[in-house]
Amino acid sequence: MHRMFPAVLLCLVILSPTTQAGLQEIGTTAGKSYGEWSASWWEWMLAIPAAQNPQDAQGEVDCKVNQAGPVWFLAGGDVGVPTVRSCHVPTGKKLFFPVLNLLLFNNPGESLTVADKRDQLDAFLGVGELRPTVGSAPEGAQACDLFATIDGQPAARFTPNAYAQSPPFAIDTGDGPFGFHPNLVDPEAISAGFWVMLPPLSPGQHTLHFGGRLCQPGSLADHEDFGPVDVTYHLNVIGSARDSDSDSDSDSDSDSDSDLDNVEIIESLYAAFASGDLDTILAILREDVIWIESEGIPYGGTFIGRDAVFEGVFGKIAAEWDNFTAIVDETFAAAGDRVVVRQRDGGTFRATGKSMEAPAISIWTLEDGQVVQFEQVIDTQEVVSATLP
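So this is what it looks like as structure tokens:
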């Protein structure tokens, strides 16, 4: 974040459409306009303590912090410093992230009205006369070369002319994340800029790339105080191909939405087991996971931690069984962030050459999108019979 002029900060964020003449109206997503989503983005960002705040982070980040409902936020990047991040997101979530955005609020002793703030933001971004366009900067425009791509293709629903301002919203800078002075308060802050609402991505790996720059009025040169913004996200989208109604405009973050997400996460975990996708398995199993297998089978007992599970369960299965499979018959959400799976485990025990298919019930408990406990009840006689000469 950098001071632009008194009470203004530059940041990458997503803003809503406006009804201002000449600018494109995009409508609402999940019950909110882009302007309302931009205010929510700032509230989300400022609520994250400085030590965990993703705005200045590079590398692996935790994208689930403070997220809820059908739209997840992504942090932007600092000007003049290319930003590269990677993180995991669940399938079925729209992603709201920034291209160029400004925040204007009153510092102590300042008394700008909402109208004053709106006028100053419009003037600084050059939207009064000319609009920026992809790959060019018309004379007089100050927001230039805006772009957003997903896997190298233009991001759906991204229109650089979709400039928007937020409604007034209260800010509190808390402990001063990403360069803010701490404990600044304004009940009527205003944000303005250019935003993207990305539709839900398919499960798997995706690369999101977005940014832009502020230009000198009347030229293509970078603004004298601000360099370009360039942000890349390597996203691992976790979930099944059976997305819930991902384009619905419901903004509910009810228990049923959470349950559906948990079901999709567990379905993606079974898919990862089947394909040997270790990265996804590691992402979904919490490091201190508690893993309980039925007593009486070769890998029965309780295992604490991912390492113990990999060594005592997965390692034994890989060493002792051929063609081991877990075929899911039914998956459904249960109370308390639990998912129950009715399945059939099968394979051939190498030492005896005997095959088995044992019915089982698996109970998965999740917190914040990760498995914290697993417990399975299986037909132990079927498993043991395959291991006996």
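To convert, note that position 209 of the sequence shown is 212 in this note's numbering; the numbers rise steadily by one, no gaps.
Glycine included, C-beta positions come from ideal geometry on N, C-alpha and C.
Since the structure is predicted, the reported quantities are computational estimates derived from the model, not experimental observations.
beta-carbon residue i near the ligand ATP non-hydrogen atom, thresh 6 angstroms
| i | result |
| --- | --- |
| Phe181 | With respect to the ligand ATP, the structure offers nothing, as it holds no ligand at all. |
Limits of the unbroken alpha helix (DSSP H) element including residue i
| i | result |
| --- | --- |
| Lys319 | Gly318 to Glu323 |
| Gln123 | Val117 to Leu128 |
Delimiting residues of the beta strand (DSSP E) encompassing residue i
| i | result |
| --- | --- |
| Glu314 | Where Glu314 is concerned, there is no enclosing beta strand (DSSP E), given that its DSSP letter is neither H nor E. |
| Asn109 | Per DSSP, Asn109 belongs to no beta strand (DSSP E) and is neither H nor E. |
| Glu385 | Glu385 -> not in any beta strand (DSSP E); alpha helix (DSSP H) instead, spanning Thr383 to Thr390. |
| Ser297 | No beta strand (DSSP E) contains Ser297, which DSSP labels as neither H nor E. |
| Ala195 | Val188 to Leu201 |
| Val344 | Arg341 to Phe352 |
| Cys90 | Thr86 to Pro93 |
| Pro362 | Lys357 to Glu370 |
| Asp175 | Phe172 to Asp175 |
| Gly406 | The structure shown does not extend to residue 406, since the chain spans only 4 to 392, so no value can be given for it. |
| Gln168 | Tyr166 to Gln168 |
Candidates the options, of which the one nearest residue i by Cα
| i | options | result |
| --- | --- | --- |
| Gln376 | Asn56, Gly299 and Phe306 | Phe306 |
| Ala389 | Glu333, Phe327 and Asp340 | Phe327 |
| Ile269 | Ala277, Ile287, Gly279 and Asp280 | Ile287 |
| Asn110 | Val68, Asp264, Val386 and Ala192 | Ala192 |
| Ile364 | Val331, Arg353, Gln384 and Glu39 | Val331 |
| Leu281 | Ile241, Lys120 and Gly304 | Ile241 |
| Gly304 | Glu267, Leu285, Pro362 and Ile381 | Ile381 |
| Asn265 | Val92, Asp122 and Gly79 | Val92 |
| Asp59 | Ala118, Lys67 and Met48 | Met48 |
| Ala275 | Glu290, Ile366, Cys147 and Ala329 | Ala329 |
| Ile284 | Asp325, Asn239 and Ile320 | Asn239 |
| Glu323 | Tyr302, Lys120, Thr32 and Phe352 | Phe352 |
| Leu204 | Lys96, Ala126 and Ala42 | Lys96 |
| Gly80 | Glu290, Ser278, Leu124 and Asn56 | Asn56 |
| Leu106 | Ser271, Arg216, Gln168 and Glu298 | Gln168 |
| Asp121 | Ala321, Phe172 and Lys319 | The sequence given here has Arg at residue 121, not Asp. The residue with the shortest Cα to Cα distance from Arg121 is Phe172. |
| Lys319 | Lys357, Gly308 and Ile300 | Ile300 |
| Pro170 | Glu290, Cys147 and Ala118 | Ala118 |
| Ile51 | Tyr166, Leu77, Ala146 and Ile366 | Leu77 |
| Gln156 | Leu272, Phe213 and Asp178 | Phe213 |
| Trp45 | Trp75, Ala54, Thr32 and Ala33 | Trp75 |
| Gly72 | Glu333, Thr383, Ala33 and Cys218 | Ala33 |
| Thr94 | Leu391, Gly177 and Gly372 | Gly372 |
| Val188 | Ser43, Pro362 and Phe108 | Phe108 |
| Gly366 | Ala158, Val68, Gln219 and Thr334 | Note that residue 366 is Ile in the sequence shown, not Gly. Minimum Cα distance to Ile366 is reached at Thr334. |
| Asp125 | Tyr236, Tyr166 and Gly308 | Tyr166 |
| Gln70 | Glu370, Gln384, Arg88 and Thr383 | Glu370 |
| Leu67 | Ala54, Ala53 and Cys90 | Here the sequence assigns Lys to residue 67, which means Leu is not the residue at that position. With distances taken between Cα atoms, Lys67 lies closest to Cys90. |
| Arg88 | Glu290, Ala277, Glu360 and Tyr236 | Tyr236 |
Three-state secondary structure (DSSP) of residue i
| i | result |
| --- | --- |
| Ser36 | strand |
| Gly143 | Note that Gly143 scores 36 on pLDDT, short of 50, meaning its location in the model is unreliable and no value can be drawn from it. |
| Arg6 | Caution applies to Arg6, whose pLDDT of 29 falls short of 50 and renders its modelled position unreliable; the value that the coordinates give is listed next. Residue state, collapsed to three classes: strand. |
| Phe276 | helix |
| Arg245 | With a pLDDT of only 41 at Arg245, under 50, the local geometry of the prediction cannot be trusted, and the value read off the model is given with reservation. Three-state result, Arg245: coil. |
| Leu281 | helix |
| Ser43 | helix |
| Pro73 | coil |
| Phe377 | strand |
| Ala2 | Within the shown structure, residues of the chain are numbered from 4 to 392, placing residue 2 beyond reach of any answer. |
| Phe150 | strand |
| Leu204 | coil |
| Asn326 | strand |
| Gly182 | helix |
| Ser257 | With a pLDDT of only 40 at Ser257, under the threshold of 50, the placement of this residue in the model should not be trusted, and no figure is reported. |
| Gln55 | helix |
| Val266 | helix |
| Thr22 | Note that Thr22 has pLDDT 26, beneath the 50 cutoff, so the model's placement of it is unreliable and no number is given. |
| Gln27 | Confidence at Gln27 is low in this model, with a pLDDT of 39, below 50, so its placement is unreliable and the value that follows should be read with caution. Of the three classes helix, strand and coil, the one that applies to Gln27 here is coil, per DSSP. |
| Pro163 | Any reading at Pro163 must be qualified, since the residue scores a pLDDT of 47, below 50, and its modelled position is unreliable; the value itself is stated next. Pro163: coil per DSSP, three-state reduction. |
Closer than 7 angstroms to chain C by CB, residue i
| i | result |
| --- | --- |
| Pro180 | Looking for chain C here will not work: only one protein chain is present. |
For the stretch 347-360 against the stretch 307-314, do three or more pairs of beta-carbon atoms, one drawn from each stretch, fall closer than 8 angstroms, so that the two count as touching? no
I want to know whether the stretch 230-239 touches the stretch 82-94 - three or more CB-CB distances under 8 angstroms. yes
Between the stretch 100-116 and the stretch 180-198, do at least 3 Cβ pairs fall closer than 8 angstroms? yes
Does the structure place the stretch 173-184 close enough to the stretch 114-121 that three or more beta carbon pairs sit under 8 angstroms? no
Taking three-plus beta-carbon pairs below 8 angstroms as touching, is the stretch 200-210 in contact with the stretch 333-340? Cβ pair count under 8 angstroms is below three, so no.
Check whether the stretch 368-384 touches the stretch 288-304, taking contact to mean three or more Cβ pairs, one atom from each stretch, closer than 8 angstroms. The stretch 368-384 makes contact with the stretch 288-304: 3 or more CB pairs, one atom from each, lie closer than 8 angstroms.
Across the stretch 55-67 and the stretch 30-40, are there enough close Cβ pairs to call them in contact, namely three or more that are closer than 8 angstroms? Output reads no: the stretch 30-40 does not touch the stretch 55-67.
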